[in-house]
Structure formats: structure tokens, C-alpha cells
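>
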Amino acid sequence: RPPNIVLLLADDLGYGELGCQGNKQIPTPHIDSIAKNGVRFTQGYVTAAYCSASRAGLLTGRYQTRFGYEFNPTGAPNEDPMAGLPRNQRTLARHLHNVGYTTGLIGKWHNGALDARFHPNARGYDEFAGFCGGWADYYRWYLDCNGSRRPSDGRYLTDVLTEEAAGFIERHRQHPFFLNVMYNAPHSPLQAPEHLVRPYLEAGLSKGVAITYAMIERMDAGVARILDTLSQYNLSENTIV
Numbered sequence: 003r004p005p006n007i008v009l010l011l012a013d014d015l016g017y018g019e020l021g022c023q024g025n026k027q028i029p030t031p032h033i034d035s036i037a038k039n040g041v042r043f044t045q046g047y048v049t050a051a052y053c054s055a056s057r058a059g060l061l062t063g064r065y066q067t068r069f070g071y072e073f074n075p076t077g078a079p080n081e082d083p084m085a086g087l088p089r090n091q092r093t094l095a096r097h098l099h100n101v102g103y104t105t106g107l108i109g110k111w112h113n114g115a116l117d118a119r120f121h122p123n124a125r126g127y128d129e130f131a132g133f134c135g136g137w138a139d140y141y142r143w144y145l146d147c148n149g150s151r152r153p154s155d156g157r158y159l160t161d162v163l164t165e166e167a168a169g170f171i172e173r174h175r176q177h178p179f180f181l182n183v184m185y186n187a188p189h190s191p192l193q194a195p196e197h198l199v200r201p202y203l204e205a206g207l208s209k210g211v212a213i214t215y216a217m218i219e220r221m222d223a224g225v226a227r228i229l230d231t232l233s234q235y236n237l238s239e240n241t242i243v
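Start counting at 1 in the sequence shown, then tack on 2, and there's your number in my numbering.
#1: Hey, G106 and D128: beta-carbon distance below 8 Å or not?
#2: Quick one: what's E129 bridged to in DSSP?
#3: Could you tell me the alpha carbon to alpha carbon distance between A226 and Y202, rounded to whole angstroms?
#4: Cα separation between G210 and A12?
#5: Span of the alpha helix (DSSP H) holding N100?
#6: Can you tell me where the beta strand (DSSP E) with R152 in it begins and where it stops?
#7: Between which two residues does the alpha helix (DSSP H) harbouring C22 extend?
#8: Who are the Cβ neighbours of A216 in its own chain at under 8 Å, not counting the five residues just before and after it?
#9: Which residue or residues does DSSP assign as beta-bridge partners of L11?
#10: Would you identify the three-state DSSP class for Y144, choosing helix, strand or coil?
#11: Could you tell me whether any non-hydrogen atom of the ligand NAD is closer than 7 Å to the CB of P122?
#12: E19: buried (16+ other C-beta within 10 angstroms of its C-beta) or exposed?
#13: How many angstroms separate the CA atom of L10 from the CA atom of Y17?
#14: Return the CA-CA distance between G102 and P5, expressed in angstroms with no decimal places.
#15: For the candidate residues R125, N100, H99, whose alpha-carbon lies nearest to that of N90?
#16: Helix or strand or just coil, what does DSSP make of N113?
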């Protein structure tokens, strides 16, 4: 059977903010395990300095300048060419959907939020649970679940996205799937569970750095849950992460 694919993306993560990149202060053993057991591209660069444009490059496999999408969406729907990822560009999800994969996106989209034609469900994703804009509060969030709004239940957003990812794997474990897990972390607003922040403060780090490091630590725990779910259903050997 074709391999499953899980594509994880962190938002605004610094080059040196992982153990596999030399950081000694943030425990990221599960992200590090992907680097240890796989391939590292240490001379790779994003294709744009703007969030949405670089995502467009990743999701299409093309330099976004080729189709005139070089900045973040303007917010204007319909007629504005910068309203979202141009509809004449085919996403990786669309390609894989067309060859029989079940496709899912969990987390941040940021490639068109005000026009349904730019919604992930219209761009090749069978399932979507996340937010279409550029960021979300980590406690006062709401999720767009295939076009329906789900209000916050007070849980930490990174944990919620992890649960959604694990649920997708469980539901679709019998067939080839492509899962995008696009964490908001460690993008602002700087928010993290207090018990994770405290050790970094006690180590003498500034508040902003302490919260950022705690956000990354929590995301690493989410990656662990995703890897464990793959293992639980005997999918690890046939899944590209």
C-alpha cells in the first residue's frame, strides 16, 4: 500500500530552538528523534519572508513568485489577487487526494480566510480542523471544523490540535492518508501552561523567552503523541513523517 504521509509544521520556530540543532535548554526529544532517524536539510530555506507566501510555496511545491503570491493575504475577498492562495494552483493535498489518499489539515491555514473558495476543504483537504487566519489565542480559540465553528473549551490550543491529529490517524488508519499538522506554536501570542514556564524562569531566562521555550516543549509533547499513535496502529514503518 502507498505510504502514509504526516507533514508537521511549526510557526516562527527559531533555527536554534531544537535539541537536534544544538539547543541545550529546551527538551525536544521527540522532534529530535525525527531528525536522528531521518534526513536533515541543514541548508534549506523557506521561499519567502512572509508567512502565507512561504506556506503557499510549501503546499504547491512551486516558488510563489511564479504565480504572484508574495505577501500575506490582504483580507479582501473575491476579486483581489492576494485574497488567498490562487485557485489555479494545485496543492499537494489535491494531488494526493486525486490518487486515493484521504487528506487532512489540522491547525493554521492562512491562505485565504474570507472566501469559501479558498477554504482548505476547497483546496484538496477532505478534513479540516483549525483556523484560516494568521494566528489564534491559545486559550480563547475557536476551530473551523469543515466549515462549522467549534468554540473553545478552555484547553491549550497545541493540545487540542494534537488530539485532532491523533483522531484523524485513528479514523483513517485502514487507508493511505496525508495529514498536515500545522501547529501555531511558537507563534504569538506568547502563552503556555504556567507549570512549564516556571522552570525556565527559575533558570534565569526572561519571561518572553521562558514562555516561548515552554510553548516549544509542549509542541514536542504533541509530536510524541502523534508518533505514538502511528506506533499504536502499526503504521510507523509505512509512514513518512
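In this text, a Cβ means the ideal position worked out from N, Cα and C, and glycines have one as well.
So, to answer that:
#1: Reading the sequence shown from its first residue, position 104 is the one you call residue 106. Reading the sequence shown from its first residue, position 126 is the one you call residue 128. Yes, Cβ-Cβ distance for G106 and D128 is below 8 Å.
#2: Translated into the one-based positions of the sequence shown, residue 129 becomes position 127. In the DSSP output, where bridge partners are listed per residue, E129 has G106.
#3: For the purposes of this step, residue 226 is taken as residue 224 along the sequence shown, with counting starting at 1. For the purposes of this step, residue 202 is taken as residue 200 along the sequence shown, with counting starting at 1. Spanning the two alpha carbons is a distance of roughly 21 Å.
#4: As a first step, residue 210 is located in the sequence shown; it is residue number 208 there, counting from the start. As a first step, residue 12 is located in the sequence shown; it is residue number 10 there, counting from the start. Going by the C-alpha atoms only, they are around 18 Å apart.
#5: On the sequence shown, position 98 is the one that residue 100 refers to. First-last of the alpha helix (DSSP H) with N100: 94-100.
#6: To locate residue 152, count along the sequence shown from 1; it is residue 150. Taken as a continuous stretch (DSSP letters only), the beta strand (DSSP E) holding R152 covers 150-153.
#7: Along the sequence shown, one-based indexing puts residue 22 at 20. No alpha helix (DSSP H) contains C22, which DSSP labels as neither H nor E.
#8: The residue you call residue 216 lines up with position 214 of the sequence shown. The answer, listed in chain order, is A194, P195, L198, V199, Y202.
#9: Here residue 11 is taken as the residue at index 9 of the sequence shown, counted from 1. Looking at the DSSP assignment, L11 forms a beta bridge with M184.
#10: If you number the sequence shown from 1, residue 144 lands on position 142. Y144 falls in the strand class under three-state DSSP.
#11: Questions concerning the ligand NAD fall outside what the structure shown contains, since it holds no ligand whatsoever.
#12: Stepping through the sequence shown from its first residue, residue 19 is reached at position 17. Buried, by the Cβ-count rule.
#13: Within the sequence shown, the letter at position 8 stands for residue 10. Within the sequence shown, the letter at position 15 stands for residue 17. The C-alpha of L10 lies about 16 Å from the C-alpha of Y17.
#14: Along the sequence shown, read from residue 1 onward, the residue named residue 102 stands at position 100. Along the sequence shown, read from residue 1 onward, the residue named residue 5 stands at position 3. Rounded to whole angstroms, G102 to P5 spans 12 Å at the Cα level.
#15: For this step, residue 90 is matched to residue 88 along the sequence shown. It is R125 whose Cα lies nearest to the Cα of N90.
#16: Within the sequence shown, the letter at position 111 stands for residue 113. Three-state result, N113: coil.
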